Every structure is written in C-alpha cells, then in structure tokens.
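A.B. asks:
Chains as they are written, first to last, in full-length UniProt numbering: chain A, 1 to 286; chain V, 1 to 310.
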C-alpha cells in the first residue's frame, strides 16, 4: 500500500510530502468551513437583531443572550415547547426500544408462519418516502381525535422499521441460541427469557437505537407540522419556525432558540459519536 | 429464574406473535393503513372541512389534474434540479475526502470525520433558519465572504459583481438551497465511503506499487472500482433523499415556495395542495406520482451502475 501521509515510507518522496500537506490543508479547512455555521449560530445567539445585521457582522460573542431569551419567552411558550420536545422524544425513544427489541427478538430467534413475508413487508416500508405518509397520517390523527396531542407524535413513531431491523441484526449476531434453549430447559418462560436474558445483552444496541430515535424525534418537523395546530402544542422546530415572519423577524431570539435546539445534539454527538455513526451506517448499509 | 403468573407464561409457539403484537398493531394502524388510505383518497374528491361523508369517487381525475398542472411540473423540475445540484457535489467531494482521511490522519481522523458529519444530525429547521441569516443580501456573511474574495486578483474575477439577493432572486434561491443540502449531507457520504475504503484489501495496493502504479493510477484503478457498490448505494440514497426535499425550501421560503416558486419542491407543493388549498385528493395523487418517480429513478440508478461494470 502507498505509505500513509504521516509515515516516512519508501514512497514518501518530497513530492508526496507536498501533496500530503495539501490534502491535510484541504480536509482541515473544509472541516472548519463545515463547523463555521455552528459557530455563528452561537455567536448570533448573543447579539441583538441590529447587531447581527450590521457590517461587518459580529464575529465574537456579545451580551444579549438574556435579552434574546426574554424575547423568545414573550413571543412563544418557549420553555413549554422545549419541554414538549423532550417529552415526545423520551416517550418515543422508550416505546421504540421496547417494541423494537421485542419484535427484533421474535424475528431473530423464533420460527413462525409468514415470518419472511412479514419482515420483508416491514423492511419495504423503509424505502417509502416520508411525504407518502403526510396526508393520510393527518387524516388518521383527525379521525382518532389526536390532533394537538403529543401521542400523535410518539406512538406512530414507535413502529420503527429501522429499529426492528437494527434489533434483529444485533440479536441474531450476539444472542446465542444455546443460551435461550438452556433457559427454556430450566423452565424459564418466554417472556422471562426476553426480559432476563435477551434484554440485558442488548444494552449496546439499545443505546444506539435510543440515540438515533431521540435525535430523529427531536429534529422531526413534518410530523408536528401536520398534527400540531396550536402554538401551545408546538415542539421546538415548529415553535422556531413560527417566529419567522416576513416583517420583523427577531433574529437574535431565533438564533438563541436554534442554538438551544442544537446544543443537546452537539453534546450527545461529542459523547457518543462512534456509536451514533456506526448505528446510522448499519441502517444505511443494509 | 423469574416466575411469572400462569397467564403470562407463553408457549414458544405463540411467543413470537405476542412479542411482535405491539409493533405490528402500530405498524398496521400508522404505517400500512395510511398508505392504503392515501391510495383511496387519490381517486376521490374531498375537502376536509366537509367531513368524511363528502368523499366522491372521481376516478383518475386527480391524476389527470396533477399531470396537467403546470405548477406540479415546475415543482418536479425544481426538485430534479435541486437533487442533482446538491447530490452530485456531495459524492464528488466525499470520495476524495474519504480517501484522504483513510490514508492519513491517524490521530485527527475521528475529530475530522466528526466535523464533517455533525451537520447531518442537527435540526434542519435550526439550520435553515441560521442559513437564511447567512444568506441575507446586505448583511449576510456569505455575501461578505464573496465581497472579500472579490478583492483577491484572479480568484475575484470568478465572483459575482454585486451582492447576491440569495433568497429573493429566483435564480439564486436554488443554489442557496442546494448549498445547505450539500452542507448537511456531505459528511454522511464521507462516513459511508470511509467504511467502504476500510474493506479494500491492502495487498491490492502493494501489488500495484510493485508494478509501478502511481498514486493517481491506484485511485482510478483500485480505489474507485472497489468503491462502486458503495457509490451505487450512496447515489441511490441521495436520489431518494433529494426527491423528498422539504424542510430546507419550506423554511427558507416561508412555506410558500419563494419568488417565482423557484424553491417549490414537489414535497412542498403537495403539502400546500393539502394544507393550504385543502385539496387532499389531488395532493394524494401527486404523492403517488412522486413515488413513481422516486421508484423509477432508484431503479434506473441501479441499472446504470450495473451496466458500467459489465
């Protein structure tokens, strides 16, 4: 193999070292460009509207964060919106973890009629574009009387095809059939096997799926846009969007709100980026 | 061992059904049924305000309406344009970038991948709001950056002469949206390609080096061909994702499609048909037409890549 850039292999001639530096520079500068919007989001969150739209725009943090938060809470039930996002995210995550681990276990370790067809059907829905569900899901929520109800967001979300897929893969690879058989011989019931043996072995997969589910729920926009009609029931993305007006957008407040919506994701990402990336790509690399 | 009351003790025969039941109930009620419902709706005329009883069978009228609707076609063209303009650069940047990251960057690899990947997990609404300030005409940082580059000789000649009215000029709105989408998804592709690069056997490169192949020859004769399955997969994802584009154009244009509807994607248009114009039947028909487009293009992508290899 060609010597990696940073080792002095036989191929690392002067020309190679030059191109290596060029590569480092491009990737590094690119990374900074990717991160720059986040930086300005946090900088703008601490400035007033007039400061944000002055020339040159602020490059460093100001001291209007509290004022911006005040505007935010005057115009919106902001903390309530934040709390709703959190509530929906937690409920959605817990239900998804429960139902998908149960279903994934059934698909991975049992034989039953129509198993293949059923699994194929569930996986097939992953290929369907999300807009397919926009209109009918509004109508069903309307029929059920779930408009403006948080459960309209977290209950349908718990039927995650991706979750079933991830769980089945993980259980198939990491829960030995012999262990399940042995427990059965010892007189453990089927639900006992799930709760006492399978579930504890699933911790890493549950962590990954939980992260992915929570982030998706936190960022979800189309779902609440369709079913949440009163500002009191808006989740964070909807609430922020409602502040945008053609006449007098409070940019400082909007940036502060966006920063608050983004910060937890950045923290989560820094704490468990590897788990997250591998989980997301397992789903991708079917 | 855990002792459960007898009514909870299932035989292995029925256990899988019991375990699957909660998921399946939700899946049928909120996944399968809505889909069938939307197919049913596509053949009916219905306004939500008049109640469920007021549905009328109209046959293919909704489909005919959609196919004769110039706005629908315009939204499809917009969507296609945006999918290509945001999707193609993602792969053109991600493949060499992943190759660099794979070859070098031992200690800095993960932070670098993280920096490129971070936009992928952030809220599209927060991002779109942030970018609508960055793209502002007179005071936006992007125009400021362009003005700065304009001062540099040679490079400056490539820059537009005046401040660009990104969000109001129909010709600039699309590139602005494409930029945001590119920014958001390029890191995801980098991660995909990085995963694929790690599976290429090192011997291939060793043999090539012995045969005197240079770095570029190796890239074009070993790396790219080995990446082909992943390129197919990544491009397919970009096609599917690009054709669903909704949130970025929706936020940037205040949900209206922008001046001259330049930012109206098919998904935005079908949302408007349902929730702004109350025409649920036409919107459902459009969603099925759009689905056909997505399915066809996915199939064509697969065919194109397969043929290239034979």
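Backbone N, C-alpha and C define an ideal beta-carbon position, used for all residues, glycine too. These numbers were taken from a predicted model, which means no experiment stands behind them.
1. Would you kindly check if the distance between the Cβ of residue 201 (chain A) and the Cβ of residue 175 (chain A) is under 7 Å?
2. From the DSSP output, which residues share a beta bridge with residue 57 (chain V)?
3. Measure the C-alpha to C-alpha separation of residue 209 (chain V) and residue 103 (chain A) and round it to an integer number of angstroms.
4. Could you check the C-alpha separation between residue 283 (chain V) and residue 66 (chain A) for me, to the nearest Å?
5. Would you check if the distance between the CB atom of residue 269 (chain V) and the CB atom of residue 75 (chain V) is smaller than 7 Å?
6. For residue 47 (chain A), collect the residues of the same chain with a Cβ closer than 6 Å to its Cβ; drop the 5 residues on either side in sequence, then sort them by chain order.
7. Taking only three categories from DSSP, how would you classify residue 35 (chain V)?
8. Quick check on this structure: which residue in A:135, A:189, A:279 has the alpha carbon closest to the alpha carbon of residue 40 (chain V)?
9. Decide if residue 133 (chain A) is buried, meaning its Cβ has at least 16 other Cβ atoms within 10 Å, or exposed.
10. Quick one: list the residues of chain V neighbouring residue 23 (chain A), beta-carbon separation under 7 Å, in chain order.
11. Using the Cα positions of residue 189 (chain V) and residue 214 (chain A), report the straight-line distance between them to the nearest angstrom.
12. At the 7 Å Cβ level, is residue 10 (chain V) part of the contact set with chain A, yes or no?
13. Compute the distance between the beta-carbons of residue 183 (chain A) and residue 197 (chain A), then report whether it is under 7 Å.
14. For residue 123 (chain V) versus residue 219 (chain A), is the C-beta distance shorter than 7 Å?
15. On the CB-based measure, 16 or more other CB atoms within 10 Å of its CB, does residue 161 (chain V) come out buried or exposed?
16. Would you grab the beta carbon distance between residue 106 (chain A) and residue 20 (chain V) for me? Rounded to a whole angstrom, and I think it's under 8 Å.
17. Give me the Cβ distance between residue 31 (chain V) and residue 159 (chain A), rounded to the nearest whole Å; I'm assuming they're in contact under 8 Å.
18. Going by other Cβ atoms of all chains shown within 10 Å of its Cβ, with 16 needed for buried, is residue 279 (chain V) buried or exposed?
19. Tell me the DSSP secondary structure of residue 309 (chain V) in three-state form.
20. Looking at the structure shown, is residue 47 (chain A) part of a helix, part of a strand, or coil, going by DSSP?
21. Of the choices V:70, V:116, V:11, whose alpha-carbon is the least far from that of residue 273 (chain A)?
22. Can you give the Cα-Cα distance for residue 104 (chain V) and residue 224 (chain V), rounded to whole angstroms?
23. Hey, how far is the Cα of residue 1 (chain A) from the Cα of residue 197 (chain V)?
24. From A:73, A:124, A:211, A:20, pick the residue whose C-alpha is nearest to that of residue 97 (chain A); which is it?
C.D. replies: Checking against the coordinates, here is how it stands:
1. Closer than 7 Å, so yes.
2. Answer by DSSP bridge pairing, in chain order: V:44.
3. Those two C-alpha atoms are separated by around 50 Å.
4. Those two C-alpha atoms are separated by around 43 Å.
5. Yes, the Cβ-Cβ distance between residue 269 (chain V) and residue 75 (chain V) is below 7 Å.
6. Around residue 47 (chain A), the same chain offers 58, 62, 64, 252 as residues with beta carbons nearer than 6 Å, after the five sequence neighbours per side are excluded.
7. Of the three classes helix, strand and coil, the one that applies to residue 35 (chain V) here is helix, per DSSP.
8. Measuring from the Cα of residue 40 (chain V), the nearest candidate turns out to be A:135.
9. Result: buried.
10. In chain order: 100, 104.
11. Each residue's alpha carbon lies about 22 Å from the other.
12. It does: the Cβ of residue 10 (chain V) has a partner Cβ on chain A nearer than 7 Å.
13. The Cβ-Cβ distance between residue 183 (chain A) and residue 197 (chain A) falls below 7 Å.
14. Yes, these two residues count as a Cβ contact at 7 Å.
15. By the neighbour-count rule (16 or more Cβ atoms within 10 Å), residue 161 (chain V) is not buried but exposed.
16. Contact annotation, residue 106 (chain A) with residue 20 (chain V): C-beta distance approximately 5 Å; criterion of less than 8 Å satisfied.
17. The beta carbons of residue 31 (chain V) and residue 159 (chain A) sit about 6 Å from each other, so the pair counts as a contact at 8 Å.
18. When all chains shown are included, residue 279 (chain V) counts as buried.
19. With a pLDDT of only 49 at residue 309 (chain V), under 50, the local geometry of the prediction cannot be trusted, and the value read off the model is given with reservation. Helix.
20. The three-state secondary structure of residue 47 (chain A), taken from DSSP, is coil.
21. Residue V:116 holds the alpha-carbon nearest to the alpha-carbon of residue 273 (chain A) among V:70, V:116, V:11.
22. Using only the alpha carbons, I get a separation of about 18 Å.
23. Interpretation of residue 1 (chain A) is limited by its pLDDT of 40, a score under 50 that renders its predicted location unreliable; the figure taken from the coordinates is listed afterwards. Approximately 13 Å between the Cα atoms of the pair.
24. Per the Cα distances, A:211.
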